[in-house]
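Down below is the structure, laid out as structure tokens.
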Amino acid sequence: MKAAQIGAWRNTAVGLTPQLLKSAAAVILFVTVQTQQMYTAAVNGQVLSTLCVLKRLAEVGVAEEKPVFSCDEMLKELHALNMSLSQPEWQAKFLKEGETLIRWSDKERTKQKAPDDWEQNWKLWANAAAYLKASRDGDKSIDKNFANKVPTTVRPIVKAKLPALISAAITTCSGGERVKPRPTKEATDKTLNQVIYAAEQGRGVFGKTVGSGDAGQVANSATDGALNNKHPLAYAIMCVSMAANTQNTLKLTNDKDNAQEWEAGNDAGKTAYDKVQSICGAKGATEATAAKLRAAVQALRDQINMVSNVGYLGQKLDGSCTGSTATAGVCVKYANTITNHKDEFNKLTYASLALEEADDLDRRTAAEIQDSLKRTDLDDTIKAAYRLTHEAEALHKALTSAAALPKSNPESAAKAAKAAVDCSSTTKKTACQAKAECTWESTEKSEGDHCKLNETYVAQKATQTGGSGTAATGCEKHGTDKEKCENDKKDGKPSRAWRKGKDGEDDKETEKCRNGSFLVNKQFALVVTAFVALLF
Numbered sequence: 001m002k003a004a005q006i007g008a009w010r011n012t013a014v015g016l017t018p019q020l021l022k023s024a025a026a027v028i029l030f031v032t033v034q035t036q037q038m039y040t041a042a043v044n045g046q047v048l049s050t051l052c053v054l055k056r057l058a059e060v061g062v063a064e065e066k067p068v069f070s071c072d073e074m075l076k077e078l079h080a081l082n083m084s085l086s087q088p089e090w091q092a093k094f095l096k097e098g099e100t101l102i103r104w105s106d107k108e109r110t111k112q113k114a115p116d117d118w119e120q121n122w123k124l125w126a127n128a129a130a131y132l133k134a135s136r137d138g139d140k141s142i143d144k145n146f147a148n149k150v151p152t153t154v155r156p157i158v159k160a161k162l163p164a165l166i167s168a169a170i171t172t173c174s175g176g177e178r179v180k181p182r183p184t185k186e187a188t189d190k191t192l193n194q195v196i197y198a199a200e201q202g203r204g205v206f207g208k209t210v211g212s213g214d215a216g217q218v219a220n221s222a223t224d225g226a227l228n229n230k231h232p233l234a235y236a237i238m239c240v241s242m243a244a245n246t247q248n249t250l251k252l253t254n255d256k257d258n259a260q261e262w263e264a265g266n267d268a269g270k271t272a273y274d275k276v277q278s279i280c281g282a283k284g285a286t287e288a289t290a291a292k293l294r295a296a297v298q299a300l301r302d303q304i305n306m307v308s309n310v311g312y313l314g315q316k317l318d319g320s321c322t323g324s325t326a327t328a329g330v331c332v333k334y335a336n337t338i339t340n341h342k343d344e345f346n347k348l349t350y351a352s353l354a355l356e357e358a359d360d361l362d363r364r365t366a367a368e369i370q371d372s373l374k375r376t377d378l379d380d381t382i383k384a385a386y387r388l389t390h391e392a393e394a395l396h397k398a399l400t401s402a403a404a405l406p407k408s409n410p411e412s413a414a415k416a417a418k419a420a421v422d423c424s425s426t427t428k429k430t431a432c433q434a435k436a437e438c439t440w441e442s443t444e445k446s447e448g449d450h451c452k453l454n455e456t457y458v459a460q461k462a463t464q465t466g467g468s469g470t471a472a473t474g475c476e477k478h479g480t481d482k483e484k485c486e487n488d489k490k491d492g493k494p495s496r497a498w499r500k501g502k503d504g505e506d507d508k509e510t511e512k513c514r515n516g517s518f519l520v521n522k523q524f525a526l527v528v529t530a531f532v533a534l535l536f
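Heads up, the sequence shown is in full-length UniProt numbering, so the first residue is 1 and it goes up one at a time.
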């Protein structure tokens with residue numbers, strides 16, 4: 001969040017949705033309650049409490065990040081479904097001895113003399129074959145749950161539909177390149193530790209007896225609370241809660257306890273900080289979130305008062321901030337960052353890093369939401385692919401029935417089969433009744449698996465034109481004459497048979513003249529081809 005944004009916190013509420021307003025109110029309430037828990041009437045009690053809210057959040061850190069989602073395995077499964085419908089000879093091209101994946105550069109591939117234009121798809125095919133092989137055993141086998149449930153007769157149709165699902169899945173997974181890596185808990189917590197101590201781990205100069213410079217002295221309170229050009233929150237806490245030498249009777253943060261004194265010499269960072277390290281109480285229990293971090297930073301900004309064109313945090317008095325309430329004030333003077341000409345509060349180390357992590361947490365949350373949406377979309381796509389097995393069964397019956405219709409041509413029979421499948425996938429009564437080729441078989445329910453093909457309507461549409469006066473053809477011309485039926489031949493082969501009906505034929509238990517298997521198979525193949533054409 002940028003400087004202008006943090007300063008305009010109150011004004012942004014007007015455009016928030018009720019849900020976001022509720023969330024924002026909860027965060028503000030959290031900061032207020034956390035602050036009031038430590039508030040006393042002492043001069044810097046409120047200021048210290050506000051500093052402690054940010055410190056406690058930074059100490060706890062953030063929640064663990066969710067694992068980064070990868071589309072790879074789910075895409076491999078979809079390609080493996082497609083591979084499972086191919087001939088075993090094709091699948092074998094990509095596996096050494098039926099087991100190990102063959103790479104394009106492997107000698108096993110070069111021996112096959114595969115065309116060069118296969119190279120761009122070879123890896124995809126090989127991965128699909130390997131995935132298929134690896135999933136051949138167990139209840140989740142692709143063969144068991146997919147390929148074996150697709151009748152050979154309708155495999156061309158299922159194979160024609162799968163690419164659209166695969167393409168949709170690839171589209172779902174595209175555009176996921178991230179400019180910046182997703183922030184981890186480990187990295188974020190290190191930055192939050194810098195908010196407090198200007199060090200990724202430990203207490204930095206506040207944990208040293210040697211090399212801590214003037215971290216234990218009051219002098220830098222008057223220069224933006226800066227230590228080595230950084231503004232650690234720990235030092236700001238010291239600036240508003242510690243008194244100058246001989247001022248230990250001051251009640252700075254509450255009205256009971258005497259203030260701790262600053263050290264006089266260098267390299268006393270640890271000695272001085274140890275005196276106030278527990279002043280904020282035990283480590284908090286609430287994990288930092290983007291909203292809580294921003295609210296805590298904004299609450300701190302609200303504690304800064306402008307006096308004589310300079311910003312002060314804490315009791316000012318004469319503005320020298322040397323740790324004396326009698327004359328100089330116990331405060332942080334932001335003469336270089338907050339004046340009547342500029343407000344660079346958000347550039348203070350503890351503020352800038354807290355806001356930086358708030359932005360990172362928002363980015364992480366957005367990425368995790370996208371992952372969740374992708375996972376859901378791919379789950380739905382894979383389920384749709386497996387549902388093709390149910391559609392395949394319906395297709396097989398519909399195509400067989402349509403191919404057996406009297407006087408039907410492949411195109412009209414294919415349309416009839418498509419209508420049957422469309423009807424079976426319609427689950428609402430109103431939608432079903434809106435389709436002339438469908439009929440709703442249940443009068444009691446308005447939803448469910450009750451939409452069926454209106455065979456009378458479809459038969460009329462599927463038959464060739466001719467009407468009365470058209471010469472009878474096929475079995476129709478033989479009527480009930482069994483001998484003529486059995487003697488009907490085409491190209492020297494029986495084209496009719498006197499028998500009971502097969503799957504998809506009418507009056508299955510009645511012996512009558514029916515098309516022979518040669519013509520049925522030929523007609524079925526033509527209908528399947530016509531059906532595939534309807535898909536594009």
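Glycine included, every Cβ here is placed at the ideal spot set by N, Cα and C. If you're wondering where the values come from, they're calculated on a predicted model, not measured in any experiment.
Under the three-state DSSP convention, the category S425 falls into: Taking the sequence shown and counting its residues from 1, the one referred to as residue 425 is at position 425. Coil, per DSSP.
Kindly indicate which three-state DSSP category D139 falls into: helix, strand or coil? Your numbering for residue 139 matches position 139 in the sequence shown. Note: D139 maps to coil in three-state DSSP.
Please state the DSSP three-state secondary structure of E447. Within the sequence shown, residue 447 is the residue found at index 447, counting from 1. DSSP places E447 in strand when its eight states are reduced to three.
Y312 beta carbon less than 8 Å from that of V332: Mapped onto the sequence shown, residue 332 falls at position 332. Mapped onto the sequence shown, residue 312 falls at position 312. Yes. Within cutoff.
Just curious, the beta strand (DSSP E) that Q315 is in, first and last residue? Counted from its first residue, the sequence shown places residue 315 at position 315. Residues 310-315.
Answer with buried or exposed for T289, where buried requires no fewer than 16 other C-beta atoms within 10 angstroms of its C-beta. By 1-based counting over the sequence shown, the position of residue 289 is 289. Per the 10 Å Cβ criterion, buried.
Taking only the alpha-carbon atoms, compute the straight-line gap between L227 and D214 and give it to the nearest angstrom. Within the sequence shown, the letter at position 227 stands for residue 227. Within the sequence shown, the letter at position 214 stands for residue 214. Going from the Cα of L227 to the Cα of D214 covers about 8 Å.
Could you check if residue 562 is buried or exposed, using at least 16 other CB atoms within 10 Å of its CB as the buried criterion? With the chain covering only 1 through 536, there is no way to say anything about residue 562.
How long is the line joining the alpha carbons of D153 and K415, rounded to whole angstroms? By 1-based counting over the sequence shown, the position of residue 153 is 153. By 1-based counting over the sequence shown, the position of residue 415 is 415. In the sequence on display, residue 153 carries Thr and not Asp. Answer to the nearest angstrom: the Cα atoms are 17 Å apart.
Determine the direct distance from the alpha carbon of N121 to that of P115, and round the result to whole angstroms. Against the sequence shown, residue 115 aligns to sequence position 115. Against the sequence shown, residue 121 aligns to sequence position 121. So the alpha carbons of these two residues sit roughly 11 Å apart.
Unbroken stretches of the beta strand (DSSP E), 3 residues or longer, contained in the segment 100-167: none
Which of the three DSSP states is assigned to G207 in this structure? Position 207 of the sequence shown holds residue 207. The answer is helix: DSSP assigns G207 an H, G or I state.
When the distance is taken between beta carbons, is L54 closer than 8 Å to V276? As a first step, residue 276 is located in the sequence shown; it is residue number 276 there, counting from the start. As a first step, residue 54 is located in the sequence shown; it is residue number 54 there, counting from the start. The answer is no: Cβ separation not under 8 Å.
So what does DSSP say about E261, is it helix, strand or coil? Start at 1 with the first residue of the sequence shown, and residue 261 comes out as number 261. E261 falls in the strand class under three-state DSSP.
Of the residues Y350, K342, G138, Y273, which one's Cα is nearest the Cα of Q298? What you label residue 298 is simply residue 298 of the sequence shown in a count that begins at 1. Minimum Cα distance to Q298 is reached at Y350.
Relative to the C-alpha of G202, which candidate in L95, A160, K270, T426 has its C-alpha closest? Reading the sequence shown from its first residue, position 202 is the one you call residue 202. Among L95, A160, K270, T426, the Cα nearest to that of G202 is on K270.
With D139 and S84 assumed to form a contact (beta carbons below 8 Å), what rounded beta-carbon distance in angstroms separates them? For the purposes of this step, residue 139 is taken as residue 139 along the sequence shown, with counting starting at 1. For the purposes of this step, residue 84 is taken as residue 84 along the sequence shown, with counting starting at 1. No, D139 and S84 are not in contact; Cβ-Cβ is about 16 Å, not under 8 Å.
Under a Cβ-count criterion, where at least 16 other Cβ atoms within 10 Å of its own Cβ denotes burial, should M38 be classed as buried or exposed? Along the sequence shown, one-based indexing puts residue 38 at 38. Confidence in M38 is poor, its pLDDT being 40 and thus under 50, which makes the residue's placement unreliable; the coordinate value appears in the next sentence. Per the 10 Å Cβ criterion, buried.
Okay, do the segment 278-292 and the segment 216-226 touch, 3+ Cβ pairs below 8 Å being the bar? no
Using alpha carbons as the reference points, say which of D449, G448, V43 lies closest to A243. Taking the sequence shown and counting its residues from 1, the one referred to as residue 243 is at position 243. Comparing Cα-Cα distances from A243 to each of D449, G448, V43, the minimum goes to V43.
Please name the residue, chosen from T253, N229, N245, that lies closest to I237 on a Cα-to-Cα basis. Within the sequence shown, the letter at position 237 stands for residue 237. Checking every option, the nearest Cα to that of I237 belongs to T253.
Those residues which DSSP pairs with R514 across a bridge: One-based indexing of the sequence shown puts residue 514 at position 514. R514 is bridged to A497.
Let me make sure I understand the geometry here. Which of C71, S424, D377 has the alpha-carbon closest to that of A394? Along the sequence shown, read from residue 1 onward, the residue named residue 394 stands at position 394. The option with the nearest alpha carbon to A394 is S424.
May I have the straight-line CA-CA distance separating A367 from P181, to the nearest angstrom? For the purposes of this step, residue 367 is taken as the residue at position 367 of the sequence shown. For the purposes of this step, residue 181 is taken as the residue at position 181 of the sequence shown. So the alpha carbons of these two residues sit roughly 10 Å apart.
If we ignore side chains and look at the alpha-carbon of each, how far apart do K347 and C321 end up? Counting from 1 along the sequence shown, the entry for residue 347 is found at position 347. Counting from 1 along the sequence shown, the entry for residue 321 is found at position 321. Each residue's alpha carbon lies about 21 Å from the other.
Distance CB(A126)-CB(I157) smaller than 8 Å: Here residue 126 refers to the residue found at position 126 of the sequence shown. Here residue 157 refers to the residue found at position 157 of the sequence shown. No. Outside cutoff.
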